[in-house]
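In short: position in the sequence shown from 1, add 566, done, that's the working numbering.
C-beta: ideal position from N, C-alpha, C; glycine also.
Below: the structure, in C-alpha cells.
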Amino acid sequence: MKTEKKLGVWMDHSIAHIIEFTDQWNELKTIESNFSHLDKVKSLTKSESLMHNKEQQLQTEFYKKIEEIILKYDDVLLFGATNAKTELFNKTQKDHRFANIKIVVKEADKMSNTQKIFFISDYFETVKA
567 MKTEKKLGVW MDHSIAHIIE FTDQWNELKT IESNFSHLDK VKSLTKSESL MHNKEQQLQT
627 EFYKKIEEII LKYDDVLLFG ATNAKTELFN KTQKDHRFAN IKIVVKEADK MSNTQKIFFI
687 SDYFETVKA
C-alpha cells in the first residue's frame, strides 16, 4: 500500500506557508507574492489599470509556484483567512494535472506555526477516522 503524501498550505494573497508531513509535520518553505506596497504605489502613480494588471500578473506567478509544489502530493489541505485559498482551489479544478490529487479548502484565522500544525493534524486525523 502506497503511503499518501500529505500537504497543508496556510495562505493569504501575500504569503503561503507550505507544511508537509514526513515522519512529523514540518514547514517546508514560505512563498511570498512579489507584489509589494511599493509596487502598488508606483503603479498607482502611472495608472490604476496598470496597477491591477501588474497585481494580477504577480498573483498568477504566486499561485503557479504553489501549484508546482501541490503536484508532488496526494492529499492537500488549503486553509487561511482570505479567499486566496478558494481562488487557488478553483484554478486547480480547471487543470487536469490535479485530477488525481485530493484538495480540500478550510476557513482558518491567522495562526502561529504551532496552531497551523495542530489544524492540519486535526484535519488529517479526522479524515483518516
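*asked:* Just to confirm the assignment: which complete alpha helix (DSSP H) runs, minimum length 4, are found wholly within the stretch 669-694?
replied: 679-694
*Count the other CB atoms, across all protein chains shown, that sit within 10 Å of the CB of F628; report buried if there are 16 or more and exposed otherwise.*
buried
*Measure from the alpha carbon of I667 to the alpha carbon of each residue in V642, S687, N619 and S678, then state which is nearest.*
V642
_Whole-angstrom distance between S678 and I669, CA atom to CA atom_ = 22 Å
_For S599 and I635, what's the separation of their Cα atoms in angstroms?_
Each residue's Cα considered, the two are about 15 Å apart.
_Using C-beta distances below 6 Å, list every residue in its chain close to Q659, excluding the 5 sequence neighbours before and after it, in chain order._
none
*DSSP state of T588 mapped onto helix, strand, coil*: coil
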